[in-house]
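What follows is one structure encoded as structure tokens, with my remarks underneath.
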Amino acid sequence: MLLRTCLVLLCIVSVSRAQHTIRLACTAPGSGSCTLSVVATGSPQDRAATSSAKPGDAAIVLPAKVLTLDLSNRRLKQLPVNAFHQLLPLEQLLLQGNELQQFDGATVAPASSLKLLNISTNGALSEVRWEPLSDLRSLETVDLTGNRLERLFVTRTMKVLRAPANRATTIETDPNNFLFALERAELAGNAFRDLAGLGRFARLTHLDLSNNRLETVDFGTFRHMRSLTELLLRSNRLFTVETGPGPSIDHPLLDVVDLTGNYLTALPSANVTGIASVQRLHLEGNGLVQVELHEELLNWPRLKSITLARNDWSCEVAERLLAALAKRPTIAIAGDAAEPAKCPPEQVRRGKLCCRVAREQYLVDRLIHTRKELYLGKLDAFEEVGPTAGPGVTPQVVGLASVQPDTLKEAMRQALFIISKQRLEKKELEATNQQLTRTLEQERTKNRQNLEEAANGKTSATTDQRGELQTALERAQAEVKSLKAQLARCTSSVHSRTGQTVIVQ
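FYI, in mature numbering (1 follows the signal peptide of the UniProt record, and there is no 0) the residues of the sequence shown are -18 to -1, 1 to 487.
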């Protein structure tokens, strides 16, 4: 039984005269674990290991040129230092499904030809010594799925990093390298709060950050990723997205941007210029009340499909949005369910969307801020309740009786209806401010010119002009004073039939 438990070892090998011996020392099945050692057959170390081997220890003899070594599901808890230094031609090392708590990159020889390293689903794995892996010139794929790692590392040659269902908050690189080959980063189900460090991977084509703790995303981070095709940000804590200042952004291959299941309330066109070349945009399941679309959708030139279901549209915005999309019939629109009964009781149907009839509200900013605090507090409660839950497992919710989102839910929803109006007013104020700034600059320029003329001996003409201006000013002040006196003697009344206001002297 012990031999069957420890001896099943799959190795894809090529023919070679030299041989290596892999020894698995196991305790009784179901009550312990195995340790491993690799020695060269016929060497003094091998003879010593053979003489000291206990009855029942598993010994596997392999050809020297092992290309794929599968040690998965062997109940291994630790690996000896330099464990695989004898296997220089090794290209794939599979260690998934064991009980490793630590992994040292030094177990693989620096001169190894290793291309794939799989240490996934070692449930207790919380520490990896990454630095020795930087010496591996052929390493392309690393699979870390389903561990407890808080820190990830990308080597210069790595092309694929699979690390979903960990606890990672940071991603690091070799500080001596500036160019990286990373093309695919699967980071769903971690604890990332920001995108620090990701901007250096210019060759990324696929980035999955779903189910993390992101509250805001700057699409400017992906400015230099011209090969980016998939950006998955679903089920985070996103309340805002933006595109930071910098050179124009063009992603000619961008296919999917997924923002499903966040807490977005508005998407101003200026904030999403960083993903304007996307073909498929997923926006369902947010609190969206506003998405700005330019006439003829010029800000989404390559858009082919958009999902808009399960949001909080006002009917005015929903109708305007659908009218804008109707001008591009090639765009597929996924809205709410077709049956009117599927809309929530407080909503009505407008075309493909469920929406609310807008009413005048107040305290929008405060309510939105309260909504953010409410959801973050709820998520923090999730984390505090289940600190021992396994990776990727949602803890059970207890002790949330004090968190009562329903008490503010309706007021928040109603308040979101006038965000669009406030944003338009803000834009108008900004435009007015810019116009006033330009006018002020023009006046300053004129004043400087006048001063220069005065310095060049034109004081007499300036004096005459100043006198004329002073006279005109006094005359204008007198007229204003007269008008004020007349106005003080006037009264106003409303005409009972026409409703017009009449001024009576």
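The beta carbon of each residue, even a glycine, is placed where N, CA and C say it ideally should be.
Sequence-distant partners of R144 (beyond 5 residues in either direction) whose C-beta falls short of 6 Å from its own C-beta, in its chain, are D125, T127, E168. It is roughly 5 Å from the alpha-carbon of L265 to the alpha-carbon of T289. If you draw a 10 Å sphere on the C-beta of S116, you find 16 or more other C-beta atoms in it, and that means buried. With a contact defined as Cβ atoms closer than 8 Å, W295 and L335 qualify at about 6 Å. Its Cα nearest to that of P234, the residue Q261 stands out among L307, G243, Q261. Non-local beta-carbon contacts of Q74 in its own chain, meaning distances under 6 Å to residues more than five positions away in sequence, involve T50, L98 in chain order. Within the same chain, Cβ atoms closer than 6 Å to the Cβ of A170 are found at P146, D190, S192, N193, the five residues on either side in sequence being excluded. Between P327 and the set A93, V339, Q459, G105, the nearest pair of CA atoms involves V339. Of the other Cβ atoms in all chains shown, 16 or more fall within 10 Å of the Cβ of E274; this residue is therefore buried. DSSP places C325 outside both helix and strand once states are collapsed to three, so it counts as coil. About 5 Å separates the Cβ atoms of G267 and R292, confirming a contact at the 8 Å cut-off. For V238, the three-state secondary structure derived from DSSP is strand.
In the DSSP assignment, the residues bridged to E212 are H188, V238.
Secondary structure within the stretch 134 to 178: the beta strand (DSSP E) runs of 3 or more consecutive residues, fully enclosed, are 142 to 144, 152 to 155, 166 to 168 (chain order). For C297, there is no enclosing beta strand (DSSP E); the enclosing alpha helix (DSSP H) covers residues 297 to 308.
Secondary structure at R338: strand, using DSSP grouped into helix, strand and coil.
In the DSSP secondary-structure assignment, V110 is bridged to F85. When secondary structure is reduced to three states using DSSP, R420 falls in the helix class. Boundaries of the beta strand (DSSP E) around I288: 287 to 289. If you look at Q74, you'll find it in the beta strand (DSSP E) that goes 74 to 76.
R138 is the residue among R138, E165, R166 whose C-alpha sits nearest the C-alpha of E154. By the C-beta density criterion, D232 is exposed, having fewer than 16 other C-beta atoms within 10 angstroms.
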